[in-house]
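K.L.:
In this note's numbering, the protein residues as written are 11 to 139. A virtual CB, placed ideally from N, CA and C, is assigned to each residue, including glycine.
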């Protein structure tokens, strides 16, 4: 399943651009179902999150078998400033998370497929002399 999500991630990056976070997790009471979490600058505005959700749902339908699709319980599209995303960004790309409580959510098993912390910096113009 992880390999399929890595391919889906590459497709998202090639079509939409970079992601801040992308991961799959078995969380809370849903110990046998996956939650798919995505965060990206291009999906941070509320109106864009609905579009990103529909885009991701369409990709999942096209790239997963019906059995694999039934193993997904939730899809979450978050803004970059969401507290849960900030906490998940403490894990590096490629990390596996097991039996940890994060922001009140119990992650039984999960994979961080993309993690890029956004660094806000101020651009200061260089004066002409």
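(1) Is residue 46 buried or exposed, if buried means 16 or more other CB atoms sit within 10 Å of its CB?
(2) Determine the burial state of residue 49: buried for a count of at least 16 other Cβ atoms within 10 Å of its Cβ, exposed for fewer.
(3) Just curious, the alpha helix (DSSP H) that residue 42 is in, first and last residue?
(4) If I follow the unbroken beta strand (DSSP E) through residue 83, where does it start and stop?
(5) Can the beta-carbon of residue 143 be found less than 9 angstroms from the beta-carbon of residue 73?
(6) Could you give the distance in angstroms between the alpha-carbon of residue 92 and the alpha-carbon of residue 71?
(7) Helix, strand or coil: how does DSSP classify residue 117 here?
(8) So is residue 39 buried or exposed if we call it buried at 16+ other beta carbons inside 10 Å?
(9) Just to confirm, are residue 117 and residue 108 a CB contact at a threshold of 9 angstroms?
P.N.:
Let me lay it out:
(1) buried
(2) buried
(3) From DSSP, residue 42 is part of no alpha helix (DSSP H); its letter is neither H nor E.
(4) 82-88
(5) Any answer about residue 143 is impossible in this case: the structure gives the chain only from 11 up to 139.
(6) 26 angstroms
(7) strand
(8) exposed
(9) yes
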